Ligand code: G3I
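Residue numbers (the numbering used here): 2 to 301.
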């Protein structure tokens, strides 16, 4: 029986400067979800391709499941994601520039109408890695080098006036020079009042072997922008002992940083993670040592 849990209801509203520890929901909500996590991000169901796989026919049913679960538990909900080069609908590529712009505008508006109480929105995902096929239709690089990103945030600000708008990318925590490029985009958005938080994904390929020193170098660069940082997609691999050692060494570097306001993990149940070996809960319900440690560390 799980007597101590990671979830603290007060954290859900981010009261008293506390931080949330979230996870993803893919389809139905696992019965153990609320035992561990107090913030919700849909794994795939709020991606454009998932919602509007065929043009003008939006299907929100799986996304609604995650949203309604979050709302009924008082957990912050993050919309992931509006503009991203992967998982854009296939039909967008063939359209004229004018139609592409009209379609993405309509998609962003529809998302805001559907989830007006989303706490966070990943507005642009992976701008340093996976640019959308339609980026020239929405401003291209332009004079700032990132006009399409600025345009996307302007649309998101109108569509989600109550949400905190985030940028999100991977490979940052282990790469100070990529972090510099990220900061450049972030500062362009910040000077226009368009961004509220920085997402860093922190998947296993960045986390498993990164040094604490490099992590701190990157976190300092990001926190110098003055914006809050959210670890958005954490996962760490390894056999039980290796994974435990990695969590013990690296999780506190993220969690204790004063600029880091929340950590979201990307899956936790064996057989249901995008990358084998990152799970924390075995499929038979037993907790891996890293999860046991995490609960003890957070005193929950
Ligand atoms: O739903 C279909 C199913 O009907 C079909 O039979 C099957 C056959 O391939 O595919 C299923 O869709 C898959 C989908 O996950 C749902 O399981 C897609 O092929 C697969 O590509 C998709 O992968 C997702 C991936 O994003 C796509 O880029 C992963 O689940 C998801 O965890 C992953 O998440 C991303 C974040 O959004 C952004 N950061 C990186 C992260 C990990 O790659």
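Beta carbons: idealized from backbone N, C-alpha and C, even for Gly.
The model shown is predicted, which means the values in this text are computed figures rather than measured ones.
Exercise for the section: Please confirm whether any heavy atom of the ligand G3I lies closer than 8 angstroms to the CB of residue 25. Expected result: Because some heavy atom of the ligand G3I lies under 8 angstroms away, the Cβ of residue 25 counts as near it: yes.
Practice task
Compute the minimum distance between the beta carbon of residue 53 and the heavy atoms of the ligand G3I, and state whether it is under 8 angstroms.
Solution key: No, the Cβ of residue 53 stays beyond 8 angstroms of every heavy atom of the ligand G3I.
Problem - Distance between residue 165 and residue 120 (C-alpha atoms, nearest Å) - result: In this model, residue 120 and residue 165 are separated by some 6 angstroms (Cα to Cα).
Handout entry: Candidates 172, 55 and 68, of which the one nearest residue 40 by Cα
Key = Among 172, 55 and 68, the Cα nearest to that of residue 40 is on 68.
Problem - Buried or exposed (CB count within 10 angstroms, at least 16 for buried), residue 233 - result: Burial check for residue 233: the Cβ neighbour count within 10 Å reaches 16 or more, so the residue is buried.
Handout entry: DSSP-derived helix/strand/coil call for residue 281
Key = Secondary structure at residue 281: coil, using DSSP grouped into helix, strand and coil.
Practice task
Provide the residue span of the beta strand (DSSP E) that contains residue 83, from first to last.
Solution key: Unbroken beta strand (DSSP E) run through residue 83: 79-84.
Problem - Inter-residue spacing [alpha-carbon to alpha-carbon] between residue 44 and residue 71 - result: Each residue's alpha carbon lies about 14 angstroms from the other.
Problem - Boundaries of the beta strand (DSSP E) in which residue 233 is found, first to last residue - result: DSSP places residue 233 inside the beta strand (DSSP E), whose first and last residues are 230-235.
Handout entry: Near the ligand G3I: residue 82 beta-carbon under 8 angstroms from a heavy atom
Key = It does: the Cβ of residue 82 is within 8 angstroms (strictly closer) of some heavy atom of the ligand G3I.
Practice task
May I ask you to check if the CB of residue 127 is nearer than 8 angstroms to at least one heavy atom of the ligand G3I?
Solution key: Shortest gap from the CB of residue 127 to any heavy atom of the ligand G3I: under 8 angstroms.
Handout entry: Endpoints, alpha helix (DSSP H) assigned at residue 299
Key = According to the DSSP assignment, residue 299 belongs to no alpha helix (DSSP H), since it is labelled neither H nor E.
Problem - For residue 265, the three-state DSSP class (helix, strand or coil) - result: If DSSP states are grouped into helix, strand and coil, residue 265 belongs with the strands.
Practice task
Please report the residue range of the alpha helix (DSSP H) in which residue 251 lies.
Solution key: Element bounds for residue 251: 241-256.
Exercise for the section: Can you give me the start and stop residues for the beta strand (DSSP E) that residue 126 sits inside? Expected result: 121-126 is the extent of the beta strand (DSSP E) around residue 126.
Exercise for the section: Work out the CA separation of residue 21 and residue 38 for me, nearest whole Å. Expected result: So the alpha carbons of these two residues sit roughly 8 angstroms apart.
Handout entry: Residues of its chain near residue 278, where Cβ-Cβ distance is below 6 angstroms and the 5 sequence neighbours each way are ignored
Key = Take residue 278, set aside five residues on each side of it, and the residues of its chain with a beta-carbon closer than 6 angstroms to its own are 238, in chain order.
Practice task
Let me know the beta strand (DSSP E) ranges lying completely inside the stretch 137-211, each 3 residues or longer, listed in chain order.
Solution key: You should have 165-170 and 198-201.
Problem - Bridge partner(s) assigned by DSSP for residue 36 - result: In the DSSP output, where bridge partners are listed per residue, residue 36 has none listed.
Practice task
Specify the secondary structure class of residue 12 as computed by DSSP and reduced to three states.
Solution key: Summary for residue 12: the model assigns pLDDT 45, below 50, so the residue's position carries little reliability; its value from the coordinates is reported in the next sentence. Residue state, collapsed to three classes: helix.
Practice task
Can you have a look at residue 175 and say buried or exposed, based on whether 16 or more other CB atoms are within 10 angstroms of its CB?
Solution key: Burial call: buried.
Practice task
With hydrogens ignored, establish whether the beta-carbon of residue 180 is closer than 8 angstroms to any heavy atom of the ligand G3I.
Solution key: Exclusion of residue 180 from the 8 angstroms shell around the ligand G3I follows from its C-beta lying no nearer than that to any non-hydrogen atom of the ligand.
Exercise for the section: Report yes or no: do three or more beta-carbon pairs, one from the stretch 211-224 and one from the stretch 189-198, lie closer than 8 angstroms? Expected result: Counting Cβ pairs under 8 angstroms, fewer than three are found: no touch.
Handout entry: CB-CB length for residue 1 against residue 156, believed under 8 angstroms
Key = Residue coverage of the chain in this structure runs from 2 to 301, which leaves residue 1 outside it and unanswerable.
Handout entry: For residue 129 and residue 81, the rounded distance between their alpha carbons
Key = Within the model, the alpha-carbon separation for residue 81 versus residue 129 is close to 17 angstroms.
Problem - Local conformation of residue 134 per DSSP, three classes - result: If DSSP states are grouped into helix, strand and coil, residue 134 belongs with coil.
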